[in-house]
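*Asks:* Here the sequence shown stands for residues 1 to 100, numbered as in full-length UniProt numbering. Think of the CB as a built atom: it goes at the ideal place given N, C-alpha and C, for glycine as much as any other residue. Bear in mind that the values here come from a model prediction, so they are computed numbers and not experimental data. Have a look at the structure that comes next, please.
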Amino acid sequence: RAKKGASEKAAAAVAAARGDAAAPPPGASGGTHLFSSDPAIAKELADLQEQFSNTRQDYQKVKMELTQRQHEKKRNELTVSELGSLPKGGEGCKMYRSIA
């Protein structure tokens with residue numbers, strides 16, 4: 001039902017933007033079937049829904065990458081602080097290099 005509600009709101013917004021007097025108010029029942037008779041509006045609505053879906057996917061991807069970079073930054077800061085606490089030149093402490 002939530003998806004249909006979003007479609008109804010999108011259809012009403014498209015109709016309102018075009019100045020369509022027959023546009024039902026948002027939340028009115030049966031809003032999308034009024035636009036199925038006009039193929040141009042139906043196509044525009046479908047295009048907007050696809051664009052919204054793609055944009056939402058891109059946003060989620062960027063959000064995930066940002067979270068990963070923030071975690072990586074914290075790990076690097078911890079590593080730098082730990083290495084900074086070691087004696088200069090490395091005398092007196094054994095260190096091993098990672099193989100990765």
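Could you give the first and the last residue of the continuous alpha helix (DSSP H) run that contains SER81?
*Replies:* As a working mapping, residue 81 is identified with position 81 in the sequence shown. Per DSSP, the unbroken alpha helix (DSSP H) holding SER81 starts and ends at 39-84.
*Asks:* In whole angstroms, what separates the C-alpha of SER37 from that of LEU45?
*Replies:* Taking the first residue of the sequence shown as position 1, residue 37 is located at position 37. Taking the first residue of the sequence shown as position 1, residue 45 is located at position 45. So the alpha carbons of these two residues sit roughly 13 Å apart.
*Asks:* Taking GLU82 as the reference, which of MET95, HIS71 and GLN70 has the closest Cα?
*Replies:* Taking the sequence shown and counting its residues from 1, one reaches residue 82 at position 82. Distance from the Cα of GLU82 is smallest, within the candidate group MET95, HIS71 and GLN70, for MET95.
*Asks:* For GLU72 and PHE52, I'd like the C-alpha separation in whole angstroms.
*Replies:* Here residue 72 corresponds to residue number 72 of the sequence shown, with the count starting at 1. Here residue 52 corresponds to residue number 52 of the sequence shown, with the count starting at 1. Distance between the alpha carbons of GLU72 and PHE52: 30 Å.
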